[in-house]
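Reading through the structure tokens given below for one structure.
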Amino acid sequence: MNVQSLYNNYSLNQWFFVIDTIAGNIPAVNVDVSKLAIPAHINLADPTFFKPNKIDVLIGSDMFWGLLCVGQIPLGPNNPVLQKSKFGWIISGPIYLKCSSIICNFAQSFDNEPAVQKCLVKFWEIEEVPSKPSRSADEIACEEHFINTTKRDKDGRFIVTLPIKLSVEHLGDSFEIAKKRFLSLELNDPFDIYELKTVTYGTTAASFLAIRCLFQLADENTEKYPKIANIIRSDFYYVDVTSVDFGIINFGENLNTSPVLTISESHQATTRFIKNSQSEYFQTEINSLNKGKSLKNSKLLNLNPFLDSEGILRVGGRLNYSQFPFEKKHPSIWSSQSYLAQLIVRRTHLRLLQAGPQHTLAVIREEYWIVGGRTLVKQIVRKCIPCFKYRPKLIKPIMAPLPEMRLSSRQPFEITRNVDNK
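So this is what it looks like as structure tokens:
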């Protein structure tokens, strides 16, 4: 293929591989070039470099250095540099973006020592804490009870039997007292009989039966619907919920597209979750900010909140002129009562390899500001099973009795020593 310059007769004739996509659009967003002092007399190799566009040709380093010419114009500190080439002037370097940007980092390494790598993997597998704790006797009994007693009706619904503990030793002698109270209540209240056809939530076995029925559906349909079965078993974390949400919203559009979730699609799903959660817990504050009113009695007043261009409630602060990304300068506001906030804390705690509450909270606040987040992080870290195993109680030995000299009073000079003055 022949690549021709826009301003001179120079051309490059080389063989190229033709593929569907080289990478995403470059730049990812529109760049404001009004503050860049680009000389008017130079000819840019790409006059519209500041607009997002597809990559036409990817040139390797074996040809790139031969295209450069003598001539370079710096555009100032923390700004890009103009470099002269045979195709025209090219621009490259850092540039500050005021808008929210999506950054994707990819790293790949090759190991030339597979034997050492395998030994290291085996070592970590031996030292690794089991992810699934061993089942107790009660859990094994509940599993056997579910398998032996569960049936399906003509509509396919599960018919379950509540597992009841046969041993009542831990109740002590409370039966007689409970019986008297029940009889006294029966005298005052009308006696009615209610027949429950569904499992009542609030009982101890309700959550177990609900989740176990889902897993039973996954086990029965593993061969017919393997992807759905895996989703039922594993999609209980924030990232998985995000992927499922975007797939549901854009089901019609995704029928003829790639099944891989792109970064922009994940960002759209995340934005949707943030707005739904904020509308549930901070609707009053959002309405006031939309009307231009101040937040007088709001618990978010100290955060100086504002609404960004996407309608997300964010922290104000004093970092407007910093070089941090937009999400770090103004993290989105979450309620500690939100279930998604709990999933974010759990995911961050696991991603940081069971880090402590302080470290976990610091990383979360780089993107999300959870109101009452310190208490929420401590609660989740305290319930983490691997952290509990590595946080044993220290043995405190019993101290010996105090000596008699420290417990009894004596007169001055009662015990004296001879001094040799020679």
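Each residue of the sequence shown is one higher than the last, beginning at 1 in UniProt numbering. All C-beta atoms in this analysis are idealised placements derived from N, C-alpha and C, irrespective of residue type, glycine included.
Local Cβ density within 10 Å of residue i, reported as buried at 16 or more and exposed below that
| i | result |
| --- | --- |
| Thr348 | buried |
| Gln278 | buried |
| Ser309 | exposed |
| Leu407 | exposed |
| Ser184 | exposed |
| Phe282 | buried |
| Pro313 | It is worth fixing the name first, because residue 313 is Leu in this sequence and not Pro. It counts as buried. |
| Ser332 | buried |
| His324 | Looking at the sequence shown, residue 324 is not His but Phe. Under this definition Phe324 is an exposed residue. |
| Tyr237 | Residue confidence is low: Tyr237 scores 45 on pLDDT, short of 50, so the model does not pin down where it sits. No coordinate-derived value is stated. |
| His330 | buried |
| residue 433 | No answer is possible for residue 433: it lies beyond the span of the chain, which begins at 1 and ends at 422. |
| Arg346 | buried |
| Phe146 | buried |
| Tyr368 | buried |
| Leu289 | buried |
| Pro39 | exposed |
| residue 462 | Nothing in the structure corresponds to residue 462, since the chain is present only between 1 and 422. |
| Ile42 | exposed |
| Ala341 | buried |
| Val160 | buried |
| Val121 | exposed |
| Leu187 | exposed |
| Val392 | Rather than Val, the amino acid found at residue 392 in this sequence is Pro. By the 10 Å Cβ count, Pro392 comes out exposed. |
Which of helix, strand or coil DSSP assigns to residue i
| i | result |
| --- | --- |
| Tyr368 | strand |
| Thr204 | coil |
| Tyr238 | Confidence is the limiting factor: at Tyr238 the pLDDT is only 42, short of 50, which leaves the residue's position unreliable and the question unanswerable from this model. |
| Leu209 | helix |
| Cys384 | coil |
| Leu183 | helix |
| Leu407 | coil |
| Leu361 | helix |
| Leu394 | coil |
| Leu68 | strand |
| Leu261 | coil |
| Leu58 | coil |
| Ser277 | helix |
| Gly172 | coil |
| Ile19 | coil |
| Pro412 | coil |
| Asp138 | helix |
| Glu195 | coil |
| Ser34 | coil |
| Ile164 | coil |
| Met399 | coil |
| Pro226 | helix |
| Phe282 | coil |
DSSP beta-bridge partners of residue i
| i | result |
| --- | --- |
| Val81 | Pro74 and Ser92 |
| Arg152 | Phe158 |
| Gln4 | Ser11 |
| Asn221 | Answer is none; Asn221 lacks a bridge partner. |
| Ile26 | Asn53 |
| Leu44 | Trp89 |
Can you give, in chain order, each stretch of the beta strand (DSSP E) that sits fully within the stretch 288-357 and has at least 3 residues? 332-335, all fully within the stretch 288-357.
Would you call the stretch 81-95 in contact with the stretch 4-14, where contact means no fewer than 3 C-beta pairs closer than 8 Å? Yes, the stretch 81-95 is in contact with the stretch 4-14.
Measuring CB atoms only, is the stretch 365-381 touching the stretch 329-349, in the sense that at least three cross pairs come out at less than 8 Å? Cβ pair count under 8 Å is three or more, so yes.
Using 8 Å as the cut-off, can you tell me whether the stretch 378-393 makes contact with the stretch 348-359, which would need three or more C-beta pairs spanning the two stretches below that distance? Output reads yes: the stretch 348-359 touches the stretch 378-393.
Can you find at least 3 beta carbon pairs, one from the stretch 173-180 and one from the stretch 135-154, that sit closer than 8 Å? Not touching, per the Cβ criterion.
Evaluate the contact criterion for the stretch 49-68 versus the stretch 23-37: three or more CB pairs, one atom per stretch, below 8 Å. Cβ pair count under 8 Å is three or more, so yes.
The stretch 197-217 touching the stretch 151-165, judged by at least three CB pairs closer than 8 Å: Result yes; three or more Cβ-Cβ pairs closer than 8 Å.
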